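Notes to accompany the following structure.
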Amino acid sequence: MSVNKENIHTLLHTQFKLGYNASAAARNINTGIGQDLVSPRTAQRWFKKFSSGRNNSKRKHGSGRPTTVNKHVLANRLQQQPDELARGHCSQSTAVRWLRKSGREPRRTKFVPHRLTEQQKQQRLFFCLSNLARHRRGYLLNRIVTCDESYINYDGTAQKIVWRKKDEDPLLVPRPNLHQKKRMLCIFWTVHGPLMWELLPPGTILNSNMYINQLSQVDLAYRLQRGQGLFNGPLIFHHDNAPPHRSILTTRHITNTLCWKVLPHPPYSPDLAPSDYHLFTSLKNFLRGRRFTEDAEVETAVGQYIASKLGTNFFKRGIHKLPSRWKNVVKTQGNYFVE
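Read in order, the letters of the sequence shown are residues 1 to 339 in full-length UniProt numbering.
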């Protein structure tokens, strides 16, 4: 006869109700069912529980996680909230095992520029659909002039991996000062390269009047290059929604004085700005680890970087990525996309 623990507990409870003591109960069970099935000490422990008011032989559930896992509950939770799988349902090791069996791997979360509202998602979707339709009509990308601004820090020191012997201490690198000296780089560029760029004096913040002056210089440079056959039509301008870009003065100057067509750009969308997703990332990598003490050193370094990209397809690649990025926004219904 196969006897499990629950059966033994039931037999002990029956012997207790019949009035036997623990030793007699153990002897009766061992004689009737099998030798050494129940020890006197086990019988005494259970008789003590029965005497204190325990009415049945079933084990009480503890306060922690259950020792067994309901596979159906776990599978449903895996589909609905995989990141919350372990909370209150199973141990961490069980959760990790189930997640790996489902084909998942731990990955670091990725920061996005902004928590988009539904209205902002719809704006991104609308502008990207509009720009794609415009692109399909042809001759859009090669006429785009895009611009943006970014700070260049004088101390580009950053953490990095260095090869050291096991008994050597790590290389100590001072943490860069959060309030260190820096200059704002303003750059306007096309598929052929920059039309105009400048580094503002330290501590200078771009305003509408300064921006308008830059736009006039860009207009002249574009006209000169168009006369040389580099462009096959009027300029199409692209910039983001920074305050100097969207001010009334700037808007009037672009529309009434320069008569430029503007490529729509949705708010909170650096992923759709070529300078952000292409140019500045490359430039910051080029400058990483450098320290500058003089203004001229910064200008020389930026000039060297730009010169290294001229004659290549670097600038063209940056602008020609726009259609695929517009399509990604459409696929995600206006949300940010994973690159």
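C-beta: ideal position from N, C-alpha, C; glycine also.
Small disclaimer: the values here were computed from a predicted structure and weren't measured.
A direct Cα-to-Cα measurement between Ala221 and Phe237 gives close to 14 Å. Your pair Ile144 and Ile319 checks out as a contact, with CB atoms roughly 6 Å apart and the cut at 8 Å. Between the stretch 187-204 and the stretch 125-144 there are three or more C-beta pairs closer than 8 Å, enough to call the two in contact. For Lys261, the pairing in a beta bridge is given by DSSP as Ile236. Shown here, Phe315 sits in a helix according to DSSP, grouped into three states. For Ser130, there is no enclosing beta strand (DSSP E); the residue is part of the alpha helix (DSSP H) that begins and ends at 118-136. Selection Tyr268, Gly303, Lys327 evaluated against Glu118 yields Tyr268 as nearest (Cα-Cα).
Beta-bridge annotation (DSSP): Trp189 is paired with Thr146, Pro194. DSSP places Ile205 outside both helix and strand once states are collapsed to three, so it counts as coil. Under the 10 Å beta carbon count, Gly334 is surrounded by 16 or more other beta carbons and is classified as buried. If you check the CB distance, Cys128 and Val330 come in under 8 Å. The secondary-structure analysis by DSSP pairs Arg183 across a beta bridge with Ile152. Nearest Cα to Leu235 within the set Asp276, Gln225, Thr31: Gln225. Less than 8 Å separates the beta-carbon of Lys327 from that of Leu132. Scanning Ser324, Leu287, Lys321, Leu272 for the CA closest to the CA of Ile306 turns up Leu287.
Annotation for Asn285: the continuous alpha helix (DSSP H) segment containing it runs 280-287. Annotated three-state conformation of Arg291 is strand, per DSSP. Under the DSSP definition of a beta bridge, Leu199 partners with Leu185. Rounded to the nearest angstrom, the gap between the Cα atoms of Lys261 and Arg183 is 30 Å.
In this structure, Pro244 sits away from Leu279, with a CB-CB distance that is not shorter than 8 Å. Selection Thr293, His265, Tyr151, Pro323 evaluated against Thr281 yields Tyr151 as nearest (Cα-Cα). The beta carbon of Trp197 sits closer than 6 Å to the beta carbons of Ile187 from its chain, once the five residues preceding and following it are set aside; these are given in chain order.
For Trp46, the secondary structure class from DSSP, reduced to helix, strand or coil, is helix. Per DSSP, reduced to three states, the secondary structure at Pro106 is coil, with no helix or strand assignment. Check the Cα spacing between Arg246 and each of Thr293, Ala301, Pro264: the tightest is with Pro264. Boundaries cannot be given for Ala242, as no alpha helix (DSSP H) includes it and DSSP labels it neither H nor E.
Residue environment: Trp98 is assigned as buried (16 or more neighbouring CB atoms within 10 Å of its CB, all protein chains considered).
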